[in-house]
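Line by line, the protein sequences give chains F and V.
Residue 167 is where the first sequence starts when you use the numbering used here, and the numbers rise one by one after that.
Residue 278 is where the second sequence starts when you use the numbering used here, and the numbers rise one by one after that.
Cβ atoms here follow ideal geometry from the backbone N, Cα and C, with glycine treated the same way.
Source: prediction; values computed, not measured.
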Amino acid sequence: MPDRRFIHIGFFAGAGIIIQLLTYFTGTGYFLTQLTMSSYYAIVIIGLCMLMGYAGQISIGHAGFFAIGGYLSSAMTTHDLTPFKGSLPVRLLDSIGFLVDRQGLYGEQILHFQPWVSFIFAVLVTVAIAYLIGGPVLKLKGHYLAMATLGFGTIIYSIVIGTPVFGEADGISDVPAFALLPGLTVSGKMSVRIENFYIAWGLMSICMLLLLNLVNSRVGRALRSIHSAEDAANAMGVDTATYKLRIFVISAVFASVAGVLMTHFNGGIGPSEASIMKSVRYVAIVAVGGMANLWGALIMGLVLNFLSLRGYFGSLDDAVFGGILIVIMLFSPKGLLRKETLSYMRDIVLQRGSEEDNA
Amino acid sequence: MLEINGLNRRFGGLQAVKDVSFSVREGQIKAVIGPNGAGKTTLFNLISGYLRADSGITSFMGKQIQTMAPHKIARSGISRTFQHIRLFHEMTALENVMVGRHTQSSSGFIAGMFSLPGTRTEEKRIRNRALEIMDFIGIADLADTDATSLAFGQQRGVELARALASDPKLMLLDEPAAGLNMKETAEVAVQITKIRDLGITVLIVEHDMSLVMNISDEIVVLNYGEKIAEGLPLEIQKDSEVIKVYLGDEDA
């Protein structure tokens, strides 16, 4: 039923227009900033949902992949290569158009990588690292996998906070705009705020469509079968090790792409994006969303991140997500927004409705 | 078609399978029987690649498979069911059977994500073939039911259909009648003969003597990991060693 999928995505993309118009008519245009960021976070979350909810493999290190994307692209687009202008590699890169010039804060010339080049490079590095880490780590199950991915996240955090190129505790700022296409620029400038909301919302919708397609395909079925009975999946000829690795890499790429774009939108990135609490937050949101429920993960990813970014949780921000995780694990370990829970709630509501009719 | 030659497997101090050899001819139903702990399931796990043999050779259609991974063995044309039902949760009966078509289809991650035209026609083919097979087993009406909410006997049917969906050359059935009542066991017997009539070779591990004696062309008897007899059902019934194992010693 690909048609129904397209209709759902169409409605969802349309909801973006309504949201934008709402902010216009209610004079809350400043919400668009957080909505744009929430959309990028939602891309990380649906990718993780695919890995956790469908293929059944947990990762408490996804902020690491987000950081790899964000940090690599921002380092490459801010680091000045002018001092090395005479060297052969820089001359070569320049001659094939990989480098661009721009004016720095005080009018100085900065020579750095073209954003598309750094974007593609960051994604390629993410793929390589995800393969390297995923290969050995995905042989583990349950708690062991959780701990190993946690270890990966910790390593990435230590690297960004201890490396001068990555700005150590300050992170990287002054990241330039990223012209995706002529006329479509990812940037935090006020003048392109609305455009950027649509870029983020559109990309999120596309990512969602790709994953919905995947879930309902031969591969999606195989991934779900790994989740519930890995040995039986094997007996059906599913190469479970390879499938787990591939979906791990795909979800890492989703996180990395979101990282790159968010960094260009924000104009910078800081070590908190690589922190364990960020990874925990992603896991918590997937859990609230219903684990094996892409739509639930998407909606929760948007709503909870928006609330968090608007500061509704105040200084208890991290505590809220920790708390969500505890409550979900205690009362609904298979996730909150699930078919069963929803139909159960509908039954309650409908029953109550009919009782009122009788009265 | 399947040749097992001097297979050994030890778990710590227990020799679970000891120097077992036999062969399965194409188109026959062959049964492996024996008391609890005789090593029947271990033998199955060795053939299907879940366990590695300490020594010995398994060859299927002239190719050695004893070191191959389970999914590769499945791809070579051997499918299996499990003694303890291993259906996929949160999937319908039809989706379970559709996973069984995995080896007969090829769409990958990229094709799936972009829902390319080829994958959509393949998806239709998978669905239709899965429905055909469910119809053949007699469970087509259960297609859209959540697999794990089915009755036990129906779940066995789904497992059988799932294993059949890969168009195997050889099916390994691990106690297909375990936990079934007499009527259901009789149904399973009919299903297995129907599968054989499709030209698929069947190797069964079974406890239920009535099932095995009625449908098998040949029987292998294991006891404490060793083969103690092999032959036609009638010969096995008369074999003094087998009677001793199943009914106990006269002196006991």
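If distances are taken between C-alpha atoms only, which option among Lys444(F), Met443(F), Ser438(F), Ile392(F) comes closest to Leu217(F)? Ranking Lys444(F), Met443(F), Ser438(F), Ile392(F) by Cα distance to Leu217(F) puts Ile392(F) first.
If you drop the 5 nearest sequence neighbours on each side, which residues of the same chain put their C-beta closer than 7 Å to that of Val352(F)? Cβ neighbours of Val352(F) beyond the five flanking positions: Ala343, Phe344, Leu346, Asn362, Ile365, Leu427, His430, Phe431.
Can you have a look at Glu506(F) and say buried or exposed, based on whether 16 or more other CB atoms are within 10 angstroms of its CB? By the neighbour-count rule (16 or more Cβ atoms within 10 Å), Glu506(F) is not buried but exposed.
On the DSSP letters alone, give me the boundaries of the beta strand (DSSP E) that Leu277(F) sits inside. Looking at the DSSP string, the run of the beta strand (DSSP E) that includes Leu277(F) is 275-279.
Within chain V, the residues that Asn379(F) reaches when beta carbons sit closer than 8 Å: The answer, in chain order, is Gly389, Met390, Phe391, Ser392.
Which bits of chain C does Gly386(F) rub up against, with CB to CB less than 7 Å? The chain labelled as chain C is not found among the protein chains of the depicted structure, namely F and V.
Sheet register partners of Asp485(V) (DSSP bridge): In DSSP, Asp485(V) forms no bridge with anything.
Give the residues from the segment 395-408 of chain V that approach chain F closer than 9 Å (Cβ to any Cβ), ordered along the chain. Listed in sequence order: Thr396, Arg397, Glu399, Glu400, Ile403.
Near Tyr435(F), what residues of its chain come up, given a Cβ to Cβ distance below 7 Å and the 5 sequence neighbours on each side ignored? The residue you asked about is not Tyr; residue 435(F) is Ile in the sequence shown. If we look at Ile435(F) and ignore the five residues flanking it on each side, its Cβ neighbours are Gly236, Tyr237, Ser240, Gly337, Ile338, Thr429.
Out of Gln341(V), Ser356(V), Gly304(V), Phe288(V), point me to the one whose CA is closest to Phe321(V)'s CA. Among Gln341(V), Ser356(V), Gly304(V), Phe288(V), the Cα nearest to that of Phe321(V) is on Ser356(V).
Measure the CB-CB distance between Ser384(V) and Val385(F) and report whether it falls below 9 Å. In contact: Ser384(V) and Val385(F) (Cβ atoms closer than 9 Å).
Using a Cβ-Cβ cut-off of 8 Å (strictly less than) and excluding sequence neighbours within five positions of Ala529(V), which residues of its own chain qualify? Note on Ala529(V): pLDDT 42, under 50, position unreliable in the model; the coordinate value appears next. Hits under 8 Å: none found.
Is Gln186(F) closer than 9 Å to Leu311(F) when the C-beta atoms are compared? For the 9 Å CB-CB criterion, Leu311(F) and Gln186(F) do not form a contact.
6 Å CB neighbourhood of Glu303(V) in its chain, flanking five on each side removed: Cβ within range, chain order: Met278, Thr478.
DSSP beta-bridge partners of Ala506(V): Under the DSSP definition of a beta bridge, Ala506(V) partners with Val498(V).
Give the interface partners of Asn471(F) over in chain V, defined as CB-CB distance under 9 Å, in chain order. Correct list: empty, because the minimum Cβ distance to chain V is about 24 Å.
Does the distance from the C-beta atom of Ala407(F) to that of Lys305(F) stay below 9 Å? Yes, the Cβ-Cβ distance between Ala407(F) and Lys305(F) is below 9 Å.
Pairwise C-alpha distance: Asn459(F) and Glu522(F): Its pLDDT being 48, under 50, Glu522(F) is placed unreliably in this model, and the coordinates cannot settle the point.
So, under 8 Å CB-CB, Val294(V) and Gly316(V) are touching, yes? Tell me the CB distance rounded to an integer number of Å. Taking the Cβ atoms as the reference, Val294(V) lies roughly 5 Å from Gly316(V), within the contact range of under 8 Å.
Indicate whether the contact test is met: 3 or more Cβ pairs, each with one atom in the segment 332-345 of chain V and one in the segment 366-374 of chain V, closer than 8 Å. Contact between the segment 332-345 of chain V and the segment 366-374 of chain V is absent, because fewer than three Cβ pairs lie under 8 Å.
Have a look at Gly283(V) and Asp296(V) and give me their C-alpha separation to the nearest angstrom. C-alpha separation (whole angstroms): 4 Å.
May I ask you to list the residues that DSSP assigns as paired with Met448(V)? Looking at the DSSP assignment, Met448(V) forms a beta bridge with Ser356(V), Val479(V).
Taking C-beta pairs closer than 7 Å, name the residues in chain V that Arg170(F) reaches, listed in chain order. Residues of chain V passing the Cβ test: none, with the nearest at roughly 13 Å.
Taking only beta-carbon atoms, is Gly456(V) less than 9 Å away from chain F? Taking Cβ atoms only, chain F never reaches closer than 9 Å to Gly456(V), which makes this a no.
Could you check the C-alpha separation between Asn524(F) and Phe177(F) for me, to the nearest Å? In this prediction, Asn524(F) has a pLDDT of 47, which is less than 50 and means its spatial position is unreliable; what the coordinates show is noted afterwards. C-alpha separation (whole angstroms): 36 Å.
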